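The opening position of the sequence shown corresponds to residue 157 in this note's numbering, with each subsequent residue numbered one higher.
Structure first, then comments.
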Amino acid sequence: MVKNFGLINEPIRVTDYVLGLEEKLGGTVWSQKIYEQTVNGDRVLTWKPWEPETEYQRKGIETNACVSFSGNNLFEYLANYEMEKDETLKSYFTALGLMKNGKANFSDRRTAKGSGTDPNRGNTVRAVDDYIRAFFFCPEDLWPFPDTMTVEEYYQIMSALVADFGKKVKLYFSVETKYLNIFGNSTPDELWEALKLSPVWVSVDGGNYQVAQNYTHRVCIRGGVYGKNLEIHDNYQNQITQLPWKYAFGAPKIANFIKNPLAEFIQVGSAILFLAKNGIHAGQYIGFGDGDILKAIHGEYSKVKPRETLSDLPANFVGSLFIK
């Protein structure tokens with residue numbers, strides 16, 4: 157009997173996004189992030205410096221949530237990388253509570269439940285991918301996975317606070333993913349080039365790390381040695397394992413974190429003002445919390461009064477938010 161680790165296989169649709177299509181569609185080509193190193197004469201790539209916190213898919217109970225754990229892992233690696241390059245981005249993650257022990261850490265349990273994971277069978281890549289891109293993340297500690305939890309408790313209905321947390325996150329970030337190859341598999345060289353852009357989210361045979369026979373598990377490739385091996389991060393028992401260079405990885409996807417442009421804030425006395433990026437509209441915030449400020453920026457208010465410039469703001473101004 158073939159053991160399933162939580163992956164429900166499905167064919168890739170011709171409408172799914174594929175690496176390279178962004179050029180044809182007029183979009184921006186994704187930028188290279190990591191570069192090859194030479195170690196003892198070997199060409200090496202690795203995302204190890206941005207490794208997320210240790211997290212287990214299986215702790216006393218089997219969650220069958222490998223697609224959710226590995227999907228979150230993909231974005232945690234990327235977030236840790238991006239935060240190292242951008243202190244503003246790090247301040248966003250910190251303010252949202254998406255950090256733990258100095259690293260990005262998102263609730264895998266929320267992703268598993270929210271994406272409709274079957275406790276006995278697992279989930280598809282598409283369902284998890286669609287959920288992450290639509291509903292984002294919440295902090296690990298907001299919906300954790302304690303060691304003593306039962307399967308029924310793990311998959312209980314989430315609170316509104318947990319379910320709606322992504323509404324805060326989407327104000328700060330956008331996320332995107334895409335397949336490398338519409339036919340489902342890629343050559344080792346294609347995977348190698350993709351690794352320079354992102355860790356690679358792939359399907360493997362959870363019972364055979366030498367020759368793929370059945371795709372039963374989902375993991376992330378995080379590096380390797382050219383022509384020799386590719387290294388995966390497997391959340392089943394948090395294994396870092398080297399697989400053969402020509403291993404037939406299934407349905408490889410890469411991902412990207414994009415920081416949304418936000419307005420700049422200034423404090424004038426007791427008033428908090430915001431200035432739009434184009435510099436020609438301004439407003440005053442009189443509510444509470446970062447989420448309320450950002451809702452104002454993104455237009456979730458009514459009866460607004462536009463101003464042409466910040467200097468057009470009356471000296472004695474008090475009242476409603478206004479921004480075009």
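All C-beta atoms, glycine included, are put in the ideal place defined by N, C-alpha and C.
Note that the coordinates shown come from a computational prediction; the quantities given were computed from them, not determined experimentally.
Item to check | Counted within 10 angstroms of its Cβ, other Cβ atoms place Pro208 as buried (16 or more) or exposed | outcome: For the purposes of this step, residue 208 is taken as residue 52 along the sequence shown, with counting starting at 1. So Pro208 counts as buried.
Checklist entry - Is the beta carbon of Phe262 less than 8 Å from the beta carbon of Glu240? => result Numbered from 1 along the sequence shown, position 106 holds the residue referred to as residue 262. Numbered from 1 along the sequence shown, position 84 holds the residue referred to as residue 240. No, the pair does not count as a contact, with Cβ atoms beyond the cut-off.
Next on the checklist: Can you tell me whether Val185 is buried or exposed? The criterion is at least 16 other CB atoms within 10 Å of its CB, across all chains shown.
Outcome noted: Residue 185 sits at position 29 when you count from the first residue of the sequence shown. Exposed: under 16 other Cβ atoms inside 10 Å.
Item to check | Delimiting residues of the alpha helix (DSSP H) encompassing Gly175 | outcome: Residue mapping note: residue 175 aligns to position 19 of the sequence shown, counting from 1. Before going on, a small fix: residue 175 reads as Leu here, not Gly. From DSSP, Leu175 is part of no alpha helix (DSSP H); its letter is neither H nor E.
Item to check | Short Cβ contact (8 Å threshold) for Met305 with Gly270 | outcome: In the sequence shown, counting from the first residue as 1, residue 305 sits at position 149. In the sequence shown, counting from the first residue as 1, residue 270 sits at position 114. No. Outside cutoff.
Item to check | Boundaries (first-last residue) of the alpha helix (DSSP H) holding Gly227 | outcome: As a first step, residue 227 is located in the sequence shown; it is residue number 71 there, counting from the start. From DSSP, the alpha helix (DSSP H) with Gly227 extends over Cys222 to Lys241.
Next on the checklist: Please classify Ala235 as buried or exposed, where buried requires at least 16 neighbouring CB atoms within 10 angstroms.
Outcome noted: Numbered from 1 along the sequence shown, position 79 holds the residue referred to as residue 235. Classification of Ala235: buried, given that the 10 Å Cβ count is 16 or more.
Item to check | Inter-residue spacing [alpha-carbon to alpha-carbon] between Lys189 and Val318 | outcome: The residue given as residue 189 occupies position 33 in the sequence shown. The residue given as residue 318 occupies position 162 in the sequence shown. Whole-angstrom Cα-Cα distance: 32 Å.
Checklist entry - Looking at Leu175 and Lys334, is the spacing between their C-beta atoms short of 8 Å? => result Indexing the sequence shown from 1 puts residue 334 at position 178. Indexing the sequence shown from 1 puts residue 175 at position 19. Going by C-beta atoms, Lys334 is nearer than 8 Å to Leu175.
Checklist entry - So what's Pro490 in DSSP terms, helix, strand or just coil? => result Since the displayed the chain opens at 157 and closes at 480, residue 490 lies outside it and no answer follows.
Checklist entry - How big is the Cα-Cα spacing for Asn276 and Gln193? => result Translated into the one-based positions of the sequence shown, residue 276 becomes position 120. Translated into the one-based positions of the sequence shown, residue 193 becomes position 37. For Asn276 and Gln193, the distance between alpha carbons rounds to 42 Å.
Checklist entry - Just reading off the alpha helix (DSSP H) that Pro344 is part of, what are its end residues? => result What you label residue 344 is simply residue 188 of the sequence shown in a count that begins at 1. Note, Pro344: alpha helix (DSSP H), Pro344 to Leu351.
Checklist entry - According to DSSP, is Val325 helix, strand or coil? => result Reading the sequence shown from its first residue, position 169 is the one you call residue 325. Helix.
Next on the checklist: I'd like the span of the alpha helix (DSSP H) that includes Leu317, first residue to last.
Outcome noted: As a first step, residue 317 is located in the sequence shown; it is residue number 161 there, counting from the start. First-last of the alpha helix (DSSP H) with Leu317: Ala316 to Ala319.
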